[in-house]
Each structure stands twice: as structure tokens, then as C-alpha cells.
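Reading the sequence shown from the start, the letters are residues 425 to 577 in our numbering.
Note that the Cβ used here is the ideal one computed from N, Cα and C, for glycine as well.
Worksheet: the structure to be examined is printed underneath.
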Amino acid sequence: MNIVTIGAGFVGSTHSAVLASFGHRVLAYDLNKERIADLASRVPERIDACIYEPGLSNLIKTHENLQFTADLTELYALSDTIDVIFLCLPTPAHELTLPDEQQHLFIAAKTIAVIIKKRNNGEQTKRIVIVNKSTVPIGTAEKLKIKFTEWGV
Numbered sequence: 425m426n427i428v429t430i431g432a433g434f435v436g437s438t439h440s441a442v443l444a445s446f447g448h449r450v451l452a453y454d455l456n457k458e459r460i461a462d463l464a465s466r467v468p469e470r471i472d473a474c475i476y477e478p479g480l481s482n483l484i485k486t487h488e489n490l491q492f493t494a495d496l497t498e499l500y501a502l503s504d505t506i507d508v509i510f511l512c513l514p515t516p517a518h519e520l521t522l523p524d525e526q527q528h529l530f531i532a533a534k535t536i537a538v539i540i541k542k543r544n545n546g547e548q549t550k551r552i553v554i555v556n557k558s559t560v561p562i563g564t565a566e567k568l569k570i571k572f573t574e575w576g577v
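Okay, structure coming up:
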């Protein structure tokens, strides 16, 4: 499978590495360019300095099918081939009081809407499965569904 992980913090980076260890092609995207540079370096000391999880640096180092990026154009370039997108985003409690447009999850959803619109020149011949691994309140999936409809996807 071709998998994208949006969010390469503790949850996203470990999840991406395990998926790659099972043979999936994984692209982990994050806004934090320093973290992405450390993970993409495949240097155990750099990986462990930014996210320490026993065995993570070895998984990243040994699986070439795992890539990291902070560049949205790389994500968009894969739009036709993505099978699954995992949302592994921070969901701090104070963020729930912000308007949707300022919440990590809804910002990521807007990015996904662009990917879907670009996919196969707008032809929706193949679906993308979107999986939320972030901790969110009940009703969030329904709110995202409404947003996707508003955005025309």
C-alpha cells in the first residue's frame, strides 16, 4: 500500500516506521522541518534526540520505503497513488475552543481535500481511506464530513 502519515511526532513517526517495516511505502509529512530533517537523516543519534522510542531509529534506518517530508508539493505529487492517509496530529485541549480553521485536524483536512481534488485530475475513480489516530471529541468525524462536502470533495 501507499500510505501517507500527516504528523510525524511521536505517534506519527512510530506508526510510519512500523507500517514501513511491514513493507508498505510510507511518506510521513510534518510542518516541523527540523524534526523531518532529523528523521530523514536516518542517523540514530539525530532520530533519538528528537523522538526517543526504543527501536525507532533502527526501523527508520533500515527501511528505505519510509520517507519524510515537510514539502506539500511532494504530498500533492503522490495524490494519484495514495491508498491511505493517517492523521497523527496533536490535539491539545485548548485547541478545541479555537475556530475549526485554526485546529490542526481541520488544517490537515483542508490539505487532504486538495489531494482528493488533484487525484486523477478530479476523477474519483479510486477512494482514499482516511484514518484519524488523533484523540478527538465525539462528533469530529461528522464535522469533517461536513467540511469535505463544503470543500466539494
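| Check | Outcome |
| --- | --- |
| One or two residues paired with N545 in a DSSP bridge | Paired residue(s): none; N545 is not in a bridge. |
| For T497 and H487, the rounded distance between their alpha carbons | 23 Å |
| Cβ-Cβ separation, F492 to A532 (assumed contact under 8 Å), whole Å | Actually they do not touch by this definition, with Cβ atoms about 16 Å apart. |
| Simplified DSSP assignment, three categories, for R449 | strand |
| F434 beta carbon less than 7 Å from that of I460 | no |
| Buried versus exposed, by CB contacts within 10 Å (16 or more), T429 | buried |
| Closest by C-alpha distance to I506, when choosing among L568, E469 and V555 | V555 |
| Residue closest to V553, alpha-carbon to alpha-carbon, out of I570, G563, V560 and A537 | A537 |
| Whole beta strand (DSSP E) elements within the segment 436-523, 3-residue minimum | 449-453, 490-493 and 508-511 |
| CA nearest to the CA of M425, picked from Y500, V577, K571 and I509 | I509 |
| CB contact flag (A444, L480, <7 Å) | no |
| Helix, strand or coil at T573 [DSSP, three-state] | helix |
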